[in-house]
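Below is one structure, written out as C-alpha cells; the observations come after it.
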Amino acid sequence: MKDLKRVILKLSGEALTGNQKSGYDDAMIEDIARQVKEITDKGIQVGIVIGGGNYWRGRSNDSIDRTKADQIGMLATIMNCIYVSEIFRSTGIMTNVLTPFECGGITKLFSKDRANKYFSKGMVVFFA
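This note's numbering puts the first residue of the sequence shown at 2, with every later residue one more than the last.
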C-alpha cells in the first residue's frame with residue numbers, strides 16, 4: 002500500500018439507505034467521509050462511483066424501453082453522487098462531481114484532464 006497513488010471506491014446506492022427503506026443514512030455517509038479523509042490525508046487520491054439502486058432498478062422493469070431504463074438509472078446515480086458529495090463537503094472534504102453530460106451547472110462534464118486536475122488539487126472526485 003506504500004506505493005498506492007489512487008483508489009476508486011464503488012458504493013452501492015442501496016447501501017446509502019442504511020437501515021431505512023429509502024433516502025439516505027447521513028450518519029453512515031459521514032462515517033464513510035471520515036474514512037475517505039483518512040485515505041486522502043495519506044496523499045492517496047480517491048475517486049468514487051455510486052450506484053443508483055436506492056432509487057431505480059430498471060432491469061426489473063419490462064414495461065419501458067431498456068435504453069430509457071438505463072438513462073433513468075444514470076440520473077439516479079447522478080443524484081446520489083451530488084448528495085454524497087455534499088455530505089463529504091460538510092465534513093471539510095473538497096469534492097467535484099463529473100458526469101457524461103452537463104447537468105445545469107450542478108456537475109462538471111467528465112474529461113480525463115479535468116479529473117486529473119481535481120485529483121492533483123487533493124479533491125475527491127465522484128464519477129456519475
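Just so it is clear, CB atoms sit at the ideal spot from N, CA and C, and this is done for glycine as well. All of these numbers come straight from a predicted model, not from anything done at the bench.
Legend entry - Nearest candidate by alpha-carbon position, reference Lys1, set Ala34, Tyr56 and Ile40: This structure does not reach residue 1, given that the chain is present from 2 up to 129, and the question cannot be answered.
Inset, instruction - Put Lys113 into one of helix, strand or coil per three-state DSSP. - result: In the sequence shown, residue 113 corresponds to position 112, counting from 1. Correct three-state label for Lys113: helix.
Legend entry - Closest by C-alpha distance to Thr78, when choosing among Lys118, Ile65, Val8 and Thr100: In the sequence shown, residue 78 corresponds to position 77, counting from 1. The closest CA to that of Thr78, considering only Lys118, Ile65, Val8 and Thr100, is found on Thr100.
Inset, instruction - Alpha carbon to alpha carbon, how far is Tyr25 from Ile51? Give it in angstroms, no decimals. - result: Counting from one through the sequence shown, the residue named residue 51 turns up at place 50. Counting from one through the sequence shown, the residue named residue 25 turns up at place 24. Counting only the Cα atoms, Tyr25 lies some 13 angstroms from Ile51.
Legend entry - Start and end residues, alpha helix (DSSP H) containing Arg90: As a working mapping, residue 90 is identified with position 89 in the sequence shown. It spans Arg67 to Ser91 - the alpha helix (DSSP H) in which Arg90 sits, taken as one unbroken run.
Inset, instruction - Give the straight-line distance between the Cα atoms of Asp27 and Lys69, rounded to the nearest whole angstrom. - result: Counted from its first residue, the sequence shown places residue 27 at position 26. Counted from its first residue, the sequence shown places residue 69 at position 68. For Asp27 and Lys69, the distance between alpha carbons rounds to 30 angstroms.
Legend entry - Residue interval of the alpha helix (DSSP H) (run including Thr96): By 1-based counting over the sequence shown, the position of residue 96 is 95. Premise fails: Thr96 lies in the beta strand (DSSP E), Thr96 to Thr100, not in any alpha helix (DSSP H).
Inset, instruction - Going by DSSP, name the residue or residues bridged to Gly48. - result: Numbered from 1 along the sequence shown, position 47 holds the residue referred to as residue 48. DSSP links Gly48 through a beta bridge to Ile9 and Val126.
Legend entry - Buried versus exposed call for Gly19 [16 or more other C-beta atoms within 10 Å across all chains shown]: The residue labelled residue 19 in the question sits at position 18 within the sequence shown. Counting the other Cβ atoms within 10 Å of the Cβ of Gly19 gives fewer than 16, which makes it exposed.
Legend entry - Beta carbon of Lys109 nearer than 8 angstroms to that of Asn117: Position 108 of the sequence shown, counted from the first residue, corresponds to residue 109. Position 116 of the sequence shown, counted from the first residue, corresponds to residue 117. No, the pair does not count as a contact, with Cβ atoms beyond the cut-off.
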